[in-house]
Amino acid sequence: MTTFTPGGVAARERSRLRRILLAGAALNVMVCGGAMAQEASSAGDVETILITGGRPVSATGQITMQEAPKSASSVTQKFIQDQPAAANPFQLINLAPGVNSNGRDATGTGRGAISVRGFQSNQIGLILDGVPVNDSGTFNVYPQEYIDAENLSQVYIMQGAGDADTPNVGETGGNIGMVIQKPSDDFHVTLQQALGDNNLRREFVRVDTGDLGFRTKAFISYSNAEVDVWRGEGTTKRQHVDASIAHDIGDSSRIALSAFYNTAETYSYQALTKAQIAQYGYDFNFATAFAPTAPAATGTVQNDNNGPLLTQRSNYYKLATNPFENLVVSVKGNFALTDSLRLDVQPYLWYGFGGGGTAGYFSETNAAQFGVPGQAFKGIDLNGDHDTLDNKLFYNLFAQQQMRPGFVTRGKWTYGHNELVVGFQYETGKLREWKPLLSVDANGNPVSLWPDLYNEHVFRADGSVVRTQDQKTTTEVVRPFVVDTLNLFDDKLALSVGLQHSQINRSGINYLPLSLRTANANAIAPTHPELDQGKFVPSAGAVYHIDDSNQIFASATQTFRATDNSALYTPGVNLSTIQPETTVDLEAGYRYAGEWFISSVTVFNTNYSNRQQSLFDVTANTTVSKNIGGVIIKGLEAEVGTKPIDGFSAYLSTAYTQSHLKNDLYVGLANGSTVPLPTAGKQLTDTPEWLVSSLLRYERDSYFAQIQGKYTAHRFSTLTNDEEVPSFYTFDVAAGYTLPEALTGRFATKLVLSVTNLFDKRYLGGINFGNNAQPYNGVAANLPSYQPAPPRFISAKMTVTY
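Residue numbers -37 to -1, 1 to 765, in mature numbering (1 follows the signal peptide of the UniProt record, and there is no 0), belong to the letters of the sequence shown in order.
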């Protein structure tokens, strides 16, 4: 049963305020509790991080010497602190090898897209302070929601595959991890003000308590940002709170509580086909004008649909919003039971509520939508004019409420040259999804931007509320794992083997009436679908240290990703025949850390099986999840970063990727037959052959200047490779100055000016890919659409630390 906040929008605003106040109250309780605990010594961290903190780091903060037996890259606080305010994690790792990141806006407050080695964002695991944050239903990620960049000490990416003990909910690609900046040992306050194009205004404040006594310390931060969309109209508003409190128990044991809260109201950016861009322009977004609707009148037809498609009432920007709030809470305990035995425990909770705005027209004579099975339907009066002649506009946003408690626990036993890790992850996610019909006034304003039970006023004759989608999914994750590492030859050689069993069990309830669960006589979605998928997933790796500066590594890893929950509610899908996605990922590489530079090179080969893709099926007259078969991805990645040389430092990364589909795609036709689309041998969509990134920085005393650039080769946007996005390059620059201490005293002050997309390059970023841009053998064109990239953006921030 879905729980809603009583009293509509005003009550919801009070609810958000209560959550912020409760977060602060919880922090105070923990501080007081910590002060009463016994004295403790320093301890380790529960999160298994492959980036070794004590290893060499380049002067740019863009490359760190790794110890993993597989490819991994990271950015440190040195790099993060000089990026534009509000930058999200996808933007921060954009220069890393193999990363293809495209944001919808320059600030990072809007949703971004990312692919790595051909894996899309919903195939890549995202981890916040040890907590998996991919959506439990679709595995989608939303980088703008999770954490403020000022609270990050590091963002790392494992391009190929995660380890057996990496917390996840089923990804086939790599992992992106966000590591928080822990509470400081000393008291200080950080204030930041940022201003920029598109009326950007952002405030950030962080308070570190320092040692509160008994080795307990904490921080809490708050940020508030507003920025106009760069095309069309609309203002994004975002508020965010991060907090953490840590207490050293003693004997290398530690416990920490962290909370991350985000609430935002964002306006969407419309994806456009190439033809639409040519017709309406690069800067076109959702319609900025709304033709007022006529008053209801008995006996006359009121048709709110005023076409054409992109300028009609249903495409009005106020009906294309994304209100959402989410909260992530975790407790991390790291306990030394004996000198050789440790226990890590991390319970967590992920909560989310909100939706994505869309609008649609509904005829008062639509029996499938408004009728009751077994009862004669004479129409429904939607606008109170006492007739059933009308076609009315409703705000029909996709809403969801998600509650996901879980935990990860690991036991580590070290004996001699061997280290054994045995662990278990469990999670049960409750995901409620629905599409309500919310009224729209004569000027295009929805009764509420947020999904709200108290504003749903359309009911059938039997009293049931009318929704176009209405379902609840329970997803259970059960994942035991074991990793054994053996160190030989005076720790020069580390051999590791791992095994996990990923089991994801989905069960659903489809609340829609039969008429809305039916595409045709042979395509009916069940009311209580179930889908259980599991697999043993092995891994192995080795790292050999030739000397203190040189190492080689190799790994073989299998991955597993369960089918997303949309298949449970799609008419015509045979759940018993769906196979989970799997890959076999092979990597080998070389790393060097010397006096003047750090470098790494990796070759990889990924064999992908049973790639699931959401595709439109003419036979079922709906979008279905289909298996497009196998994919081969192979290539080379390299990166190098220098130490300072007369104030100059540099970073360079490159990735060469070959990909091809192994099978033709069979598509159903209206007559019931199927025909193959010629996809075998074609390149994978949104997978450029070449990615080249560079950064040049000059830093001397109190000032710095840097320029970073990126080249992205052409990308195909259809599975048949009959439409593509041209190659492009972008450049960003930044400069900063730290005011003299004689002027600021104890208030250390730094100014940073940033310009992204320096040369105002126009290019197409994110892709919603299609099957085929041209008709083929009776198969109609299935066009891709694109997100135009944001133009030049100038911003400045001032940071004051006391």
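All C-beta atoms, glycine included, are put in the ideal place defined by N, C-alpha and C. Because the structure is a prediction, the values reported are computed rather than measured.
Helix, strand or coil: which one does DSSP assign to residue i?
i: I56; result: coil
i: F452; result: coil
i: V9; result: Only weak support is given to the placement of V9: the predicted model assigns it a pLDDT of 35, under 50, and the question is left unresolved by the model.
i: N113; result: Rather than Asn, the amino acid found at residue 113 in this sequence is Glu. Helix, per DSSP.
i: D246; result: coil
i: K625; result: coil
i: S665; result: coil
i: N51; result: coil
i: A362; result: strand
i: R74; result: coil
i: V(-7); result: Low confidence applies here, because V(-7) scores a pLDDT of 35, under 50, leaving its location unreliable; read the following figure in that light. Residue state, collapsed to three classes: helix.
i: S470; result: strand
i: Y280; result: helix
i: I240; result: helix
i: L272; result: helix
i: L538; result: helix
i: N346; result: coil
Keeping to the same chain, check which residues put their C-beta closer than 6 angstroms to that of residue i; ignore five residues upstream and five downstream.
i: Y279; result: A250, F253 and G407
i: A625; result: Per the sequence presented here, residue 625 reads as Lys, with Ala not at that position. Excluding sequence neighbours, K625 sits near G592 and G593.
i: S572; result: T545 and G593
i: S147; result: D171
i: Y553; result: I515 and V564
i: Y532; result: Q434, N473 and A488
i: P639; result: D627 and Y629
i: L458; result: L449 and A505
Could you check the C-alpha separation between residue i and residue j for me, to the nearest Å?
i: I218; j: T172; result: 17 angstroms
i: P751; j: D68; result: 9 angstroms
i: P399; j: F287; result: 16 angstroms
i: F370; j: V440; result: 10 angstroms
i: V292; j: A222; result: 4 angstroms
i: P489; j: V536; result: 10 angstroms
i: Q671; j: V445; result: 41 angstroms
i: E134; j: R755; result: 34 angstroms
i: A525; j: F499; result: 13 angstroms
i: G631; j: F452; result: 60 angstroms
i: Y555; j: D511; result: 9 angstroms
i: L475; j: N131; result: 31 angstroms
i: E166; j: M141; result: 22 angstroms
i: D454; j: D415; result: 60 angstroms
i: A206; j: R178; result: 17 angstroms
i: L658; j: L58; result: 8 angstroms
i: S36; j: P47; result: 21 angstroms
Spatial neighbours of residue i within its chain, please: C-beta separation below 7 angstroms, excluding the five flanking residues on both sides.
i: Y245; result: R725 and P751
i: P255; result: A405 and N406
i: D350; result: T261, G262 and D344
i: F691; result: T675, K724 and Y726
i: R709; result: Y765
i: W376; result: S303, L304 and L383
Against chain B, with Cβ distances strictly below 8 angstroms, would residue i count as a contact?
i: G176; result: Looking for chain B here will not work: only one protein chain is present.
In the DSSP assignment, find the unbroken beta strand (DSSP E) run with residue i in it and report its ends.
i: L714; result: A711 to T719
i: I595; result: V594 to T605
i: I43; result: Here I43 belongs to no beta strand (DSSP E); instead the alpha helix (DSSP H) covers Q40 to I43.
i: Q309; result: L304 to G319
i: F560; result: F560 to S572
i: A759; result: F756 to T764
i: N483; result: T481 to N483
i: G88; result: G88 to L91
i: D548; result: E544 to A556
i: residue 769; result: Here the chain has residues from -37 to 765 only, and residue 769 is not among them.
i: I143; result: N138 to I143
i: A322; result: A322 to S326
i: N65; result: V62 to G66
The alpha helix (DSSP H) with residue i in it runs from where to where?
i: Y749; result: That residue, Y749, is in no alpha helix (DSSP H); its beta strand (DSSP E) goes S748 to P751.
i: F333; result: A330 to F333
Output needed for residue i: all residues of its chain with C-beta closer than 8 angstroms, excluding positions within five of it in sequence on either side, in chain order.
i: D695; result: I670, Q671, G672, S717, V718, T719, N720 and L721
i: T391; result: R367, P368, G369, T437, T438, E439 and V440
i: Y749; result: A234, L235, T236, K237, I240, S680, V688, L727, G728, G729, I730 and N731
*asked:* So within the stretch 151 to 235, which uninterrupted beta strand (DSSP E) runs reach at least 3 residues, ignoring any that extend past its ends?
replied: The qualifying runs are 163 to 172, 179 to 191, 198 to 211 and 217 to 230.
_beta strand (DSSP E) segments (min. 3 residues) lying fully within the stretch 497 to 533_ = DSSP assignment within the stretch 497 to 533 yields the following whole beta strand (DSSP E) runs of 3 residues or more, N-terminal first: 513 to 524.
_Residue ranges of each beta strand (DSSP E) within the stretch 366 to 454, 3 or longer_ = If only uninterrupted beta strand (DSSP E) runs of at least 3 residues are considered, those enclosed by the stretch 366 to 454 are 381 to 399 and 430 to 451.
*Go through the stretch 679 to 745 residue by residue and report every complete run of the beta strand (DSSP E) that reaches 3 residues or more, in order.*
Listed in chain order, they are 691 to 701, 711 to 719 and 727 to 731.
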